[in-house]
Amino acid sequence: MHVLFLSVGGTRRRAVVEESAQVVADGGAATVVVDRAAQWSRETFAAGVTLVELARLEQRQPALRVEQAVLFKAPRKVLRTVGRGPLRRFAHRAEKSYERRIASRAHRAFLRMRGDVRPKLVDALVRRGASVDVMVVTDPLAMPYAARLVSGAPRSARPEVCFSYDYSGCTPKRQHGSMPDAVQGDNS
1 MHVLFLSVGG
11 TRRRAVVEES
21 AQVVADGGAA
31 TVVVDRAAQW
41 SRETFAAGVT
51 LVELARLEQR
61 QPALRVEQAV
71 LFKAPRKVLR
81 TVGRGPLRRF
91 AHRAEKSYER
101 RIASRAHRAF
111 LRMRGDVRPK
121 LVDALVRRGA
131 SVDVMVVTDP
141 LAMPYAARLV
151 SGAPRSARPE
161 VCFSYDYSGC
171 TPKRQHGSMP
181 DAVQGDNS
């Protein structure tokens, strides 16, 4: 069983860490998709849990890599090469001014034109990997990703979608959360 945790907003960190560890303990495979891994630096995932960072996947896109090279890396390298010795302060100020006034604005315009590719990246990640049996949507920001995955999949291959792994129906019955029979009300 493969469980995909979509935690783009990162609002339920502790629950995601505990539930992904439970999936591994139950003998399944757990993949946690986050926006940035730095937000999760204080969390320790169980061995066997795969952490996928959307920001890193996005940086691998060829269009973004070319755009970064043209707008930021090449001008920065030229200004640092020219700005040695007595021109160092001038080159540093020119570099910061260029990045603030020109490169950052052009970068934002490029992102608006291109649109948000992260849902497509999650879709591609799921399509090329092992089939997903259960998709746990852990925060509101992950809802569009889940909707895209579910709507694009054939009906027979659609994963079960839930808010918590405990509600997926794939977990063994646990004693800590169940009520004794006498409390549940016996009608016999």
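Mapping to UniProt numbering: the sequence shown position 74 is 74, numbers consecutive.
For glycine and all other residues, C-beta sits at the position ideal for the given N, C-alpha and C.
For clarity, every value in this text was computed on a predicted model and none was experimentally measured.
Item, Value
"Between which two residues does the beta strand (DSSP E) carrying Ser-97 extend?", "That residue, Ser-97, is in no beta strand (DSSP E); its alpha helix (DSSP H) goes 88–98."
"Quick check: what's the CA-CA separation for Arg-14 versus Asp-35?", "16 Å"
"Where does Val-132 fall in DSSP's three states?", "coil"
"Opposite Ala-30 in the DSSP bridges: which residues?", "Val-3, Val-49"
"DSSP three-state call for Glu-67: helix, strand or coil?", "helix"
"If you pair each beta-carbon of the segment 25–41 with each one of the segment 53–62, do three or more pairs fall below 8 Å?", "yes"
"What does the alpha-carbon distance come out to for the pair Gly-85 and Val-117?", "43 Å"
"Do Leu-71 and Ala-21 have their C-beta atoms within less than 7 Å of each other?", "no"
"When you compare the CB of Leu-87 with every CB in chain C, is at least one pair closer than 7 Å?", "Here there is only one protein chain, and chain C is not present."
"Straight-line CA distance for Leu-6 to Tyr-165?", "12 Å"
"Using the Cβ count rule (16 or more neighbours within 10 Å means buried), how would you classify Val-49?", "buried"
"Alpha carbon to alpha carbon, how far is Leu-64 from Arg-80? Give it in angstroms, no decimals.", "23 Å"
"For Val-137, name the three-state secondary structure that DSSP assigns.", "strand"
"From Ser-131 to Leu-87, what distance separates their C-alpha atoms?", "57 Å"
"Give the DSSP-derived three-state secondary structure of Asp-181 in the structure shown.", "Note that Asp-181 scores a pLDDT of 41, beneath 50, so its modelled location is shaky and nothing firm can be said."
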